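To keep things clear, I will list the structure first and then write my remarks on it.
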Amino acid sequence: GIQVEQSPPDLILQEGANSTLRCNFSDSVNNLQWFHQNPWGQLINLFYIPSGTKQNGRLSATTVATERYSLLYISSSQTTDSGVYFCAVDMIYNQGGKLIFGQGTELSVKP
Amino acid sequence: KAGVTQTPRYLIKTRGQQVTLSCSPISGHRSVSWYQQTPGQGLQFLFEYFSETQRNKGNFPGRFSGRQFSNSRSEMNVSTLELGDSALYLCASSGETGFYFGSGTRLTVV
Numbered sequence: 699g700i701q702v703e704q705s706p707p708d709l710i711l712q713e714g715a716n717s718t719l720r721c722n723f724s725d726s727v728n729n730l731q732w733f734h735q736n737p738w739g740q741l742i743n744l745f746y747i748p749s750g751t752k753q754n755g756r757l758s759a760t761t762v763a764t765e766r767y768s769l770l771y772i773s774s775s776q777t778t779d780s781g782v783y784f785c786a787v788d789m790i791y792n793q794g795g796k797l798i799f800g801q802g803t804e805l806s807v808k809p
Numbered sequence: 160k161a162g163v164t165q166t167p168r169y170l171i172k173t174r175g176q177q178v179t180l181s182c183s184p185i186s187g188h189r190s191v192s193w194y195q196q197t198p199g200q201g202l203q204f205l206f207e208y209f210s211e212t213q214r215n216k217g218n219f220p221g222r223f224s225g226r227q228f229s230n231s232r233s234e235m236n237v238s239t240l241e242l243g244d245s246a247l248y249l250c251a252s253s254g255e256t257g258f259y260f261g262s263g264t265r266l267t268v269v
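Line by line, the protein sequences are chains F and G. For the first sequence, this note's numbering assigns the number 699 to the initial residue and increments by one for each residue that follows. For the second sequence, this note's numbering assigns the number 160 to the initial residue and increments by one for each residue that follows.
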């Protein structure tokens, strides 16, 4: 089956620093999303980005579908950005409704 | 527009019991999928329902089952609970702009 690999697995930043999280996937996808899991376990949508570039405040994401990777950029990080970031894909030949997750990047932002 | 609602938020059950979890999707979404999250295995797909039909199923034993009602609300059931079933169970509803998750049900089996 499709492999979704995220790097780095852990990241420690000082408040105000920038970071780039990477997601590689091994097959063509219909959908790619980035999520932030809060301390209570809820997965918060960051981006729905099967291709191209999107920005939302201090966060932006780029997916290059032909090269099978996506990047999540966090600028001027804040302590509230701490948590686990997941990339998830929905495969192109699925009937739909099935996300495959990477193992996540655990981000810790220190004040 | 209301988000995805999961109930209950927390559950404690004894080995051998069964449990039913509920998920109400975003209005208009017909697809509901379920995921199990554990520290060792990460987030794993359980199954997905669309218009009351199971379209996809993950690699879980038959003790895990689900269903979807005509109003798109979904339930998942785990029978004969084992200690290893302790996990966060998340459901998602999906539409044209992707997947949206509920707050999850944290199940502890003792």
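Idealized CB from N, CA, C, for every residue including glycine. Computed from a prediction, not measured in an experiment: that's the story for all the values here.
Handout entry: Under the three-state DSSP convention, the category residue 161(G) falls into
Key = If you number the second sequence from 1, residue 161(G) lands on position 2. Reduced to three states, the DSSP call for residue 161(G) is coil.
Practice task
Could you tell me which uninterrupted alpha helix (DSSP H) segments, each at least 4 residues in length, are contained entirely in the segment 722-779 of chain F, listed from first to last along the chain?
Solution key: none
Problem - Straight-line gap, residue 335(G) to residue 192(G) (C-alpha atoms, nearest Å) - result: Nothing about residue 335(G) can be reported from this structure: the residues present for chain G run from 160 to 269 only.
Problem - Residues of its chain near residue 219(G), where Cβ-Cβ distance is below 6 Å and the 5 sequence neighbours each way are ignored - result: Against the second sequence, residue 219(G) aligns to sequence position 60. Around residue 219(G): 205.
Exercise for the section: Name, please, each residue of chain G whose Cβ falls closer than 7 Å to the Cβ of residue 796(F). Expected result: Sequence index remark: in the first sequence, residue 796(F) carries index 98 (1-based). Correct list: 192, 204, 207, 215.
Exercise for the section: Using a Cβ-Cβ cut-off of 9 Å, state whether residue 251(G) counts as contacting chain F. Expected result: By one-based count along the second sequence, residue 251(G) stands at place 92. Answer yes: the Cβ-Cβ gap between residue 251(G) and chain F drops below 9 Å somewhere.
Handout entry: Where the beta strand (DSSP E) through residue 254(G) begins and ends
Key = On the second sequence, residue 254(G) is found 95 positions in, with the first residue counted as 1. Run containing residue 254(G): 246-254, per the beta strand (DSSP E) assignment.
Handout entry: Distance, residue 766(F) Cα to residue 722(F) Cα
Key = Start at 1 with the first residue of the first sequence, and residue 722(F) comes out as number 24. Start at 1 with the first residue of the first sequence, and residue 766(F) comes out as number 68. Their Cα atoms are separated by approximately 6 Å.
Problem - Contact list for residue 723(F) against chain G, beta-carbon separation under 9 Å - result: Within the first sequence, residue 723(F) is the residue found at index 25, counting from 1. The contacting residues do not exist; residue 723(F) stays about 15 Å from chain G at best.
Exercise for the section: Consult DSSP for residue 221(G) and reduce its assignment to one of helix, strand or coil. Expected result: By one-based count along the second sequence, residue 221(G) stands at place 62. Residue 221(G) falls in the coil class under three-state DSSP.
Exercise for the section: Output, in chain order, the set of chain G residues within a Cβ distance shorter than 8 Å of residue 731(F). Expected result: The count along the first sequence starts at 1 and reaches residue 731(F) at position 33. In chain order: 257, 258.
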